[in-house]
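Going by the numbering used here, 36 is the number at position 36 of the sequence shown; the sequence numbering is gapless.
Here a beta-carbon is modelled for each residue, glycine too, at the ideal position from N, C-alpha and C.
I have placed the structure first, in the form of structure tokens, so that the comments after it can refer back to it.
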Amino acid sequence: MNMIFNTGDIRWQEPVYLRIGYGIPEAIRSPKEACNHLLFRWPAIRGEKYNAARSLCLEANTNPLLCRKAREMFVEACIEADVLD
Numbered sequence: 001m002n003m004i005f006n007t008g009d010i011r012w013q014e015p016v017y018l019r020i021g022y023g024i025p026e027a028i029r030s031p032k033e034a035c036n037h038l039l040f041r042w043p044a045i046r047g048e049k050y051n052a053a054r055s056l057c058l059e060a061n062t063n064p065l066l067c068r069k070a071r072e073m074f075v076e077a078c079i080e081a082d083v084l085d
């Protein structure tokens with residue numbers, strides 16, 4: 001049985017709130033939004049949690065079963081980078 005997922009609709013039940021630099025707090029609501037922040041807005045220092053979060057969030061865009069784990073790892077990356085609000 002083949003399963004087709006609408007990857008545009010994958011959202012977390014609760015957003016993750018972060019603040020990068022002196023910017024305003026932002027709500028990240030999905031693996032896709034998390035990927036955009038990890039790839040284009042993240043602080044220059046990137047640790048192992050960053051790499052794991054980036055990989056999991058990319059995978060969760062096409063596999064909803066990874067969504068919860070991707071959120072957890074994204075939170076860990078936020079803590080590692082000291083951007084969790």
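Boundaries (first-last residue) of the beta strand (DSSP E) holding residue i
i, result
"V16", "V16 to L18"
Beta-carbon gap between residue i and residue j smaller than 8 Å
i, j, result
"A34", "P15", "no"
"W42", "A70", "no"
"P25", "C57", "no"
"A53", "E76", "yes"
"C67", "W12", "yes"
Close beta carbons around residue i, own chain, < 7 Å, minus the five adjacent residues each side
i, result
"H37", "I28"
Opposing strand residues paired with residue i [DSSP bridges]
i, result
"L84", "L18"
The alpha helix (DSSP H) enclosing residue i, as first and last residue numbers
i, result
"A27", "Counting along the chain, A27 falls outside any alpha helix (DSSP H), though it belongs to the beta strand (DSSP E) covering E26 to I28."
"R87", "Not covered by the structure: residue 87. The range shown for the chain is 1 to 85."
"R54", "E48 to A60"
Residue i classed as buried or exposed, judged by whether at least 16 other C-beta atoms fall within 10 angstroms
i, result
"F5", "Only weak support exists for where F5 lies, its pLDDT of 45 falling under 50; the coordinates are left without a value."
"L65", "exposed"
"M1", "Residue placement at M1 is poorly supported in this model, since its pLDDT is 38, which falls under 50; the coordinates still yield a value, given next. By the neighbour-count rule (16 or more Cβ atoms within 10 Å), M1 is not buried but exposed."
Other residues of its chain near residue i: CB distance less than 8 Å, five sequence neighbours each side excluded
i, result
"L39", "R54"
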